[in-house]
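Trainee:
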Ligand SMILES: Nc1ncnc2c1ncn2[C@@H]1O[C@H](COP(=O)(O)OP(=O)(O)O)[C@@H](O)[C@H]1O
Ligand SMILES: [Mg+2]
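Chains as they are written, first to last, in our numbering: chain Z, 1 to 372; chain C, 373 to 667.
Take a look at the structure:
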């Protein structure tokens, strides 16, 4: 089954407003592919174009090699799980699941077989005769999945399907979705503003901001090698120190911050001295050290907050001249007992763990902080 | 409820409101109906016979209706025609209401709503009379149809039932459009998309998703239209012919031409029972309760 989804020069405008800027994307057959971005960045619009509810302003959608331009929404090999589920409240659970088969003229006993099998798949055996309103949030969620799978789509489109569930259920459903995807070999296109969801489930993630693709990569690559400042700030926690380039040799970049002095990081692109730039270092790469540690990339800060996160501690410390507090992730064992709030601390980070990017790379996106 | 009322308006105002309400209900609605029922079971007597041996309860008035072929036929024809009017109004109004509720932009919706409502600022008699002019043998409708070549000689719209049907559908349009609109407006557009996404075409989406959702609105609209149609006097009087007489016209005749209020009361009571029966039937068919209609 070829269920590749190709988007070519796809864009969407509503009047003067461009919700999706022209983009190209090739989603592989059977892949779990996510679009990740803050609310309003155009994710739902993109999904509506793929499913045929919206006609793109330009560009084409191709599914399994077939161009979709002339295929109406009700004939496309896609199935959608809506943000609000959109289950049919006047039908029973089984009737909901069987609706797509009823449309295709499949006989009642055959339909019943399919819905029984799917109810088993989503762990709701025997609930076929229940009313939709009598189900819990998580159960409704699973009925929506079963209803979408019943028509045997080549592509399953999921629009933030877990956002209404509580944390425990969300984590449970994540692994269930992943499991269903593995078993069915359907291409999953998953939309979310929750990076945790995107990173844990996806084979690849497209990070979007203001209608533009920022980066398309595997979750690990997104985290370790963000391509733009937007991705660096939106995916995972990050500390940002703004400065300007003062030195540059062999991928090593020295930047100067007005009050912190010279810091060193790595960069994939050559930047001329004087370029405005940001240095990003992850909280788990900042280390607490004693007075005698190496003077390279050493910061003097004051401890403000100690957050207990279970497996680790998340510290927040302020540095004069830096507007946002630095976040430091540390183990319980490496945390000196004497260290408490308002204590001065010394921090260092390895230059290889610090990514320097020019400010201008934040094309259209801006900084993720404060969004969503 | 009483507490909510007193909290909001204070005791004296609340009591006044309730007293007025009860006065209206008992003195102006229930009592006249009871008097009418009482009338309908008494014979029409000369003043001299009152208090005499014939002055008692009888079902003679109802027997007259049952035995009079012409009146009986008109009674059943009124029921049938009212059902037809109701159905036609539903067919005409459903697309309009659906467009208004789900597809139209705010501007379009305002424009259509205005176009629907403006004619109702004019008195019903005048509106109906406008149709009399439009449908006349030498009127504009025939002229247009002739001009476009759809017909080769004018149609006598006003001699059969068609004039009455057209006039009534038009007269009661709003009573169907607004309940339908109310019901359709509350439909989540994603329901329609979900049905389409699962492969359903337009007709199936309406039949399985949209119409079931709009059921309370459809029932309310049908009940109102039927009651208004069955009880209509002006439209059949103006647009009807002798062959399309309405039951209300016969009731009118008993009261004001025959001078027999007792007979008129009996006929009117039968019509009332019919309307109540129709409501009960519609509610049963649509499986809805009284509470759904009020919405
Ligand atoms: N039908 C529409 N008309 C005008 N603007 C729209 C329409 N649909 C979406 N938008 C706008 O497009 C942008 C992207 O919307 P959407 O795709 O729903 O974002 P997301 O799903 O990422 O939160 C938003 O700014 C939204 O206001
Ligand atoms: Mg959305």
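The beta carbon of each residue, even a glycine, is placed where N, CA and C say it ideally should be.
Considering only residues of the same chain and omitting the five flanking positions on each side of residue 371 of chain Z, which have a CB-CB separation below 6 Å?
Mentor: Annotation note: pLDDT 39 at residue 371 of chain Z (below 50); position unreliable, no value reported.
Trainee: Can you look up residue 431 of chain C in the DSSP assignment and give me helix, strand or coil?
Mentor: Correct three-state label for residue 431 of chain C: coil.
Trainee: Look at residue 154 of chain Z and residue 77 of chain Z and say whether their C-beta atoms are less than 7 Å apart.
Mentor: Contact flag set, yes.
Trainee: Can you check DSSP and say which residues form a bridge with residue 79 of chain Z?
Mentor: In the DSSP output, where bridge partners are listed per residue, residue 79 of chain Z has Z:156.
Trainee: Are residue 301 of chain Z and residue 253 of chain Z touching if we call contact CB-CB under 7 Å?
Mentor: No.
Trainee: Verify the CB distance criterion: does residue 35 of chain Z have a CB-CB separation below 7 Å to chain C?
Mentor: With 7 Å as the cut-off, residue 35 of chain Z does not count as an interface residue toward chain C.
Trainee: Taking any heavy atom of ligand 1 as the mark, which residues have a C-beta closer than 5 Å to it, listed down the chain?
Mentor: Result (chain order): Z:14, Z:19, Z:39, Z:40, Z:41, Z:42, Z:43, Z:44 and Z:45.
Trainee: For a contact meaning CB atoms closer than 7 Å, what does residue 390 of chain C contact in chain Z?
Mentor: Here the premise fails: no neighbours, minimum Cβ distance about 36 Å.
Trainee: Quick one: is residue 80 of chain Z near chain C, going by C-beta distance under 7 Å?
Mentor: Judged by the 7 Å Cβ criterion, residue 80 of chain Z is in contact with chain C.
Trainee: Cα-Cα, which of Z:43, Z:262 and Z:222 is closest to residue 296 of chain Z?
Mentor: Residue Z:262 is the option with its Cα nearest to residue 296 of chain Z.
Trainee: Between residue 411 of chain C and residue 637 of chain C, is the Cβ-Cβ spacing less than 7 Å?
Mentor: Their beta carbons are under 7 Å apart, which means residue 411 of chain C touches residue 637 of chain C by this criterion.
Trainee: Put residue 533 of chain C into one of helix, strand or coil per three-state DSSP.
Mentor: Three-state DSSP puts residue 533 of chain C in coil, outside helix and strand.
Trainee: Name the residues in the segment 557-585 of chain C whose C-beta lies less than 8 Å from a C-beta of chain Z; which are they?
Mentor: Hits within the stretch, in order: 560, 562, 563, 565, 566, 567, 568, 569, 570, 571, 572, 573, 576, 580, 581, 584 and 585.
Trainee: Give me the Cβ distance between residue 27 of chain Z and residue 189 of chain Z, rounded to the nearest whole Å; I'm assuming they're in contact under 8 Å.
Mentor: At roughly 7 Å, the Cβ-Cβ gap stays under 8 Å, so residue 27 of chain Z and residue 189 of chain Z are in contact.
Trainee: Taking C-alpha atoms, which residue in Z:335, Z:69, Z:144 and Z:212 lies nearest to residue 25 of chain Z?
Mentor: Of the candidates Z:335, Z:69, Z:144 and Z:212, the one whose C-alpha sits nearest the C-alpha of residue 25 of chain Z is Z:212.
Trainee: Which whole runs of the alpha helix (DSSP H) in the segment 465-510 of chain C are 4 residues long or more, in chain order?
Mentor: Complete alpha helix (DSSP H) runs here, min 4: 478-489 and 496-507.
Trainee: Less than 7 Å between CB atoms is the rule here; does residue 90 of chain Z satisfy it with respect to chain C?
Mentor: Chain C contact via Cβ: present.
Trainee: Exposed or buried, residue 579 of chain C, counting other C-beta atoms within 10 Å across all chains shown (16 or more means buried)?
Mentor: By the 10 Å Cβ count, residue 579 of chain C comes out exposed.
Trainee: In terms of DSSP beta bridges, what is residue 280 of chain Z paired with?
Mentor: DSSP lists Z:240 and Z:355 as partners of residue 280 of chain Z.
Trainee: Pick helix, strand or coil for residue 454 of chain C, following the three-state DSSP scheme.
Mentor: Residue 454 of chain C falls in the helix class under three-state DSSP.
Trainee: Which class does residue 546 of chain C belong to by DSSP, given the choice of helix, strand or coil?
Mentor: If DSSP states are grouped into helix, strand and coil, residue 546 of chain C belongs with the helices.
Trainee: Please state whether the Cβ-Cβ distance between residue 216 of chain Z and residue 231 of chain Z is less than 7 Å.
Mentor: Contact: no.
Trainee: Would you be able to state if there are at least three C-beta pairs under 8 Å between the segment 534-550 of chain C and the segment 590-601 of chain C?
Mentor: Judged by Cβ distances under 8 Å, the segment 590-601 of chain C makes contact with the segment 534-550 of chain C, as three or more pairs qualify.
Trainee: Quick check on the DSSP output: the alpha helix (DSSP H) that includes residue 610 of chain C runs from which residue to which?
Mentor: Residue 610 of chain C -> alpha helix (DSSP H) spans 606-611.
Trainee: Using a C-beta to C-beta distance shorter than 8 Å, which residues of chain C count as neighbours of residue 86 of chain Z?
Mentor: Ordered by position in chain C, the residues that pass the 8 Å Cβ test against residue 86 of chain Z are 560, 562, 563, 565 and 566.
Trainee: Have a look at residue 539 of chain C and residue 611 of chain C and give me their C-alpha separation to the nearest angstrom.
Mentor: Each residue's alpha carbon lies about 7 Å from the other.
Trainee: Spell out the partners DSSP gives residue 254 of chain Z in its beta bridges.
Mentor: Partner(s): Z:247 and Z:264.
Trainee: When you compare the segment 244-251 of chain Z with the segment 268-279 of chain Z, are there three or more beta-carbon pairs, one atom per stretch, that lie closer than 8 Å?
Mentor: Enough Cβ pairs lie closer than 8 Å, so yes.
Trainee: Alpha carbon to alpha carbon, how far is residue 148 of chain Z from residue 103 of chain Z? Give it in angstroms, no decimals.
Mentor: Their Cα atoms are separated by approximately 13 Å.
Trainee: Would you mind sorting residue 250 of chain Z into buried or exposed? The rule is 16 or more other CB atoms within 10 Å of its CB.
Mentor: It counts as exposed.
Trainee: Identify every residue that forms a DSSP beta bridge with residue 316 of chain Z.
Mentor: Z:305 and Z:327, per the DSSP bridge assignment.
Trainee: Going along chain C, which residues have a C-beta under 9 Å from residue 146 of chain Z?
Mentor: Here the premise fails: no neighbours, minimum Cβ distance about 12 Å.
Trainee: Note down the Cα distance separating residue 210 of chain Z from residue 21 of chain Z, rounded to an integer number of angstroms.
Mentor: When rounded, the distance between both Cα atoms is 9 Å.
Trainee: Which term fits residue 533 of chain C, buried or exposed, when burial requires 16 or more other beta carbons within 10 angstroms of its beta carbon?
Mentor: Label assigned to residue 533 of chain C: buried.
Trainee: Out of curiosity, what's the CA-to-CA distance linking residue 116 of chain Z and residue 128 of chain Z?
Mentor: Spanning the two alpha carbons is a distance of roughly 8 Å.
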